[in-house]
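Peer 1: With positions in the sequence shown counted from 1, the corresponding number in our numbering is that position plus 167. Every residue gets a Cβ at the ideal spot worked out from N, C-alpha and C, and that includes glycine. All figures in this text were calculated on a predicted structure; none of them were measured in a lab.
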Amino acid sequence: MSPEAEAYLQSLERAVASRDDVAARRVLDETQVLQVYNLRTGATSFWDRFVPAMAALLDRDEESVRDSAFHWVGVSLWVEQGGRRFATIGPLLTRAVARDASLLLKFVQDHSKYVEDAPEIANWIEAQRPTVPAEVLEAARLIHTGNASDADTALVALLEGLNAAGVLTRASAARGLGELYVDESDLDPPLHELVQQLKGMEIARPGVAGPFLAAFYHGNLEDLAERGAIDVKAWMFEILEQRLSEEPNMLPVSNGIDFYAHEMFDSPDEIKRLIACGELAIAEEAASDANLELEPLLLAMNDHPNVMTQRKITMHLAMRYGKIAPQAEERGFLRRRQLEGDVEAWLVGFDSDMVMHAAVVQRLEGDLSDTEAHAVLDRLLPESVRGAKTRDFPWDYPQYAHFADTLGYMMRGFEGGASANFIGDNRTRRWAKLVITWHAPVSLWNPSL
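Set out below in structure tokens:
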């Protein structure tokens, strides 16, 4: 074992013994520097100490420490090629899964394939039944079937899984199909038929196109275009423009098509098309990744014939850029309300229950003190309406709290579902802007009255 590896192990073991999560997180960050991926079977003396130490971190209070330790325990199975440690690791993983059921899906998807004894993994998955939601267990079974079965058996199970009730099960089926079709060309249905089937399913009930695309995303998009007989970007736009609802959260199984859209669409015309179909959040991320200014693109689309698109542009310009869209007041999308002195509130979306409602508060010249911002919050959205506070981000999250004062915002959530975003300086608690948002009906919250 190298001196560097020995020094690392000693640091890790000290962090475990001290039960110091800050020290543990620092050592886990160093794991990447150590490049343990480059260690192979010959370094068993390293893994004999590394795995028990990582396993000891699985019950730590801080989520980021537990997740990282879980990942590296799984990596040990891959490095040693054969998973000979699973009999020892399995019970430790069970304890972690009981605390966070999503870890079951992460393990089965990313690491279980390195355990040569497939029935052992199947039995371990079933053993999680007492502590894991039924949908998570169903998705884990399906992922394992895709990993451990021959192509024909996997194909039947995965196609059937596309019609499951659970979001995670459908996503697991779609991702498994993508991985199967990346490696296999002689399947029924052929790829060009399957991509059209998935498009129709995604439009009617989102949650399968993104996981399927995920399998091709890193290095195989040209193959998808050729064998699938599609223009991949056009296929994605057809989904975004026609789907009947927003896509669900499919993590930890996969990112969705929204994620891949912001990664792949990078021209002004593509971003304008995203705006036109009302996907402003995707447009913002795509513009940022492409180093394009979104504001002029929004202004260029402000007279789009779709009224809902106009509404969303008004909302986005007010909340993100502190700008009033041309014609926004005349169209009834935005109303100004004068508060104390030169403090003004822009009330956006209160003319309709079809969009999120927002109050954007700022001083015409200068910023707001913390006292002023909270007074405005109480005036526009009283506690009797919003409910009690549920969280302060980043302060209530241990993984962010140690550098929270360097961030330029604080977001406060409330029981009723509303949130207040204080944008400015966390260190001095002076705020350039306060943005209050809620999806509640206008009949429940309407500060314009």
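(1) Taking the alpha-carbon positions, what's the Thr476 to Ala443 distance?
(2) Provide the residue span of the alpha helix (DSSP H) that contains Asn290, from first to last.
(3) Which residue from Glu582, His569, Phe432 and Pro419 puts its Cα closest to that of Ala190?
(4) How is Trp513 classed by DSSP in three states: helix, strand or coil?
(5) Spatial neighbours of Thr336 within its chain, please: C-beta separation below 8 angstroms, excluding the five flanking residues on both sides.
(6) Starting from Lys280, trace the beta strand (DSSP E) in both directions and tell me its first and last residue.
(7) Note down, in chain order, each residue of its chain lying with its Cβ closer than 6 angstroms to the Cβ of Phe253, except the 5 sequence neighbours on either side.
(8) Straight-line CA distance for His606 to Val515?
(9) Considering only residues of the same chain and omitting the five flanking positions on each side of Met368, which have a CB-CB separation below 6 angstroms?
(10) Measure how close the beta-carbons of Leu535 and Arg597 come, nearest whole angstrom, since I'm counting them as under 8 angstroms.
(11) Would Thr255 be called buried (16 or more neighbouring beta carbons within 10 Å of its own) or exposed?
(12) In whole angstroms, what separates the C-alpha of Arg394 from that of His541?
(13) Let me know if Glu414 comes out buried or exposed under the rule of 16 or more other beta-carbons within 10 Å of its beta-carbon.
(14) With C-beta atoms as the reference, is Gly386 less than 8 angstroms away from Tyr427?
(15) To the nearest angstrom, how far is the alpha carbon of Val183 from that of Ala526?
(16) Considering just the uninterrupted stretch of the alpha helix (DSSP H) at Gly591, what are its terminal residues?
(17) Would you identify the three-state DSSP class for Ile491, choosing helix, strand or coil?
(18) Identify, in the order they occur along the chain, each residue of the same chain with its Cβ nearer than 7 angstroms to the Cβ of Asp277, setting aside the five sequence neighbours on each side.
(19) Taking Cβ to Cβ, would you say Leu244 is nearer than 8 angstroms to Arg233?
(20) Restricting to runs no shorter than 3 residues, where is the beta strand (DSSP E) found entirely within the segment 426-507?
(21) Within the same chain, show all residues whose beta-carbon is closer than 6 angstroms to that of Glu229, passing over the 5 residues directly before and after it, in chain order.
(22) Please report the Cβ distance between Leu272 and Ala263, rounded to the nearest whole angstrom; I am assuming they are in contact, meaning their Cβ atoms lie under 8 angstroms.
(23) Take Ala457 as the anchor and find which of Met431, Pro463, Asp470 and Asn469 has the nearest alpha-carbon.
(24) Tell me where the beta strand (DSSP E) around Gly580 begins and ends.
(25) Is it the case that the Cβ atoms of Ala382 and Asn422 are separated by a distance below 8 angstroms?
(26) Looking only at its own chain, which residues have a Cβ that is under 6 angstroms from the Cβ of Ala220, when we skip the five neighbours before and after it?
(27) Is Leu347 helix, strand or coil when you go by DSSP?
(28) Give the range of the alpha helix (DSSP H) segment to which Trp562 is assigned.
(29) Could you tell me the alpha carbon to alpha carbon distance between Gly575 and Gln363, rounded to whole angstroms?
(30) Can you say whether Tyr348 is buried or exposed, counting buried as having 16 or more other CB atoms within 10 angstroms of its CB?
(31) Would Glu511 and Gln529 qualify as a contact pair, given that the criterion is a beta-carbon distance under 8 angstroms?
(32) Going straight from the alpha carbon of Thr481 to that of Arg503, what length do you get?
(33) What first and last residue would you give for the beta strand (DSSP E) that runs through Trp598?
(34) Please report how far the alpha carbon of Trp402 lies from the alpha carbon of Glu408, in whole angstroms.
(35) Measuring alpha carbon to alpha carbon, tell me which residue in Gly313, Ala268 and Gly591 is nearest Arg342.
Peer 2: So, from the data block:
(1) Translated into the one-based positions of the sequence shown, residue 476 becomes position 309. Translated into the one-based positions of the sequence shown, residue 443 becomes position 276. Spanning the two alpha carbons is a distance of roughly 6 angstroms.
(2) Translated into the one-based positions of the sequence shown, residue 290 becomes position 123. From DSSP, the alpha helix (DSSP H) with Asn290 extends over Ala285 to Glu293.
(3) Taking the first residue of the sequence shown as 1, we reach residue 190 at position 23. The candidate whose alpha carbon is nearest that of Ala190 is His569.
(4) Here residue 513 corresponds to residue number 346 of the sequence shown, with the count starting at 1. Trp513: strand per DSSP, three-state reduction.
(5) By 1-based counting over the sequence shown, the position of residue 336 is 169. Excluding sequence neighbours, Thr336 sits near Glu302, Glu305, Ala306, Leu309 and Gly328.
(6) One-based indexing of the sequence shown puts residue 280 at position 113. Taken as a continuous stretch (DSSP letters only), Lys280 belongs to no beta strand (DSSP E), as it is neither H nor E.
(7) Within the sequence shown, numbered from 1, the residue matching residue 253 stands at position 86. So the list reads Val282, once near-sequence residues are dropped.
(8) Within the sequence shown, numbered from 1, the residue matching residue 606 stands at position 439. Within the sequence shown, numbered from 1, the residue matching residue 515 stands at position 348. Approximately 12 angstroms between the Cα atoms of the pair.
(9) Walking along the sequence shown from the start, residue 368 turns up at place 201. The residues are Val375.
(10) Mapped onto the sequence shown, residue 535 falls at position 368. Mapped onto the sequence shown, residue 597 falls at position 430. The pair is a contact, with the Cβ atoms about 7 angstroms apart (cut-off 8 angstroms).
(11) For the purposes of this step, residue 255 is identified with residue 88 of the sequence shown, where counting begins at 1. That one is exposed.
(12) Counted from its first residue, the sequence shown places residue 394 at position 227. Counted from its first residue, the sequence shown places residue 541 at position 374. If you take the alpha carbons of Arg394 and His541, they lie about 57 angstroms apart.
(13) Counting from one through the sequence shown, the residue named residue 414 turns up at place 247. Result: buried.
(14) The residue given as residue 386 occupies position 219 in the sequence shown. The residue given as residue 427 occupies position 260 in the sequence shown. Against a cut-off of 8 angstroms, the Cβ pair of Tyr427 and Gly386 comes out as no contact.
(15) As a position in the sequence shown, residue 183 is number 16, starting the count at 1. As a position in the sequence shown, residue 526 is number 359, starting the count at 1. Distance between the alpha carbons of Val183 and Ala526: 47 angstroms.
(16) For the purposes of this step, residue 591 is taken as residue 424 along the sequence shown, with counting starting at 1. It is not in any alpha helix (DSSP H) - Gly591 instead sits in the beta strand (DSSP E) that spans Ser586 to Asp592.
(17) The residue labelled residue 491 in the question sits at position 324 within the sequence shown. Coil, per DSSP.
(18) For the purposes of this step, residue 277 is identified with residue 110 of the sequence shown, where counting begins at 1. Closer than 7 angstroms at the Cβ level, and outside the excluded window around Asp277, lie Gly241.
(19) In the sequence shown, counting from the first residue as 1, residue 244 sits at position 77. In the sequence shown, counting from the first residue as 1, residue 233 sits at position 66. Their beta carbons are not under 8 angstroms apart, which means Leu244 does not touch Arg233 by this criterion.
(20) 501-505
(21) Position 62 of the sequence shown holds residue 229. Hits under 6 angstroms: Asp188 and Pro565.
(22) The residue labelled residue 272 in the question sits at position 105 within the sequence shown. The residue labelled residue 263 in the question sits at position 96 within the sequence shown. Actually they do not touch by this definition, with Cβ atoms about 13 angstroms apart.
(23) Counted from its first residue, the sequence shown places residue 457 at position 290. The residue with the shortest Cα to Cα distance from Ala457 is Met431.
(24) As a working mapping, residue 580 is identified with position 413 in the sequence shown. Unbroken beta strand (DSSP E) run through Gly580: Tyr576 to Phe581.
(25) Position 215 of the sequence shown holds residue 382. Position 255 of the sequence shown holds residue 422. No; because the gap between Cβ atoms is not below 8 angstroms, this pair is not in contact.
(26) Start at 1 with the first residue of the sequence shown, and residue 220 comes out as number 53. Here the set comprises Leu179, Glu180 and Val183.
(27) Mapped onto the sequence shown, residue 347 falls at position 180. DSSP places Leu347 in helix when its eight states are reduced to three.
(28) Within the sequence shown, numbered from 1, the residue matching residue 562 stands at position 395. Where Trp562 is concerned, there is no enclosing alpha helix (DSSP H), given that its DSSP letter is neither H nor E.
(29) As a first step, residue 575 must be located in the sequence shown, where it is residue number 408. As a first step, residue 363 must be located in the sequence shown, where it is residue number 196. One C-alpha to the other measures close to 44 angstroms.
(30) Start at 1 with the first residue of the sequence shown, and residue 348 comes out as number 181. Buried, because 16 or more other Cβ atoms sit within 10 Å of the Cβ of Tyr348.
(31) Looking up residue 511 in the sequence shown gives position 344. Looking up residue 529 in the sequence shown gives position 362. Yes, these two residues count as a Cβ contact at 8 angstroms.
(32) To locate residue 481, count along the sequence shown from 1; it is residue 314. To locate residue 503, count along the sequence shown from 1; it is residue 336. Their Cα atoms are separated by approximately 13 angstroms.
(33) Here residue 598 corresponds to residue number 431 of the sequence shown, with the count starting at 1. Start and end: Arg597 to Trp605.
(34) One-based indexing of the sequence shown puts residue 402 at position 235. One-based indexing of the sequence shown puts residue 408 at position 241. Going from the Cα of Trp402 to the Cα of Glu408 covers about 10 angstroms.
(35) For the purposes of this step, residue 342 is identified with residue 175 of the sequence shown, where counting begins at 1. Of Gly313, Ala268 and Gly591, the residue nearest in Cα terms is Gly313.
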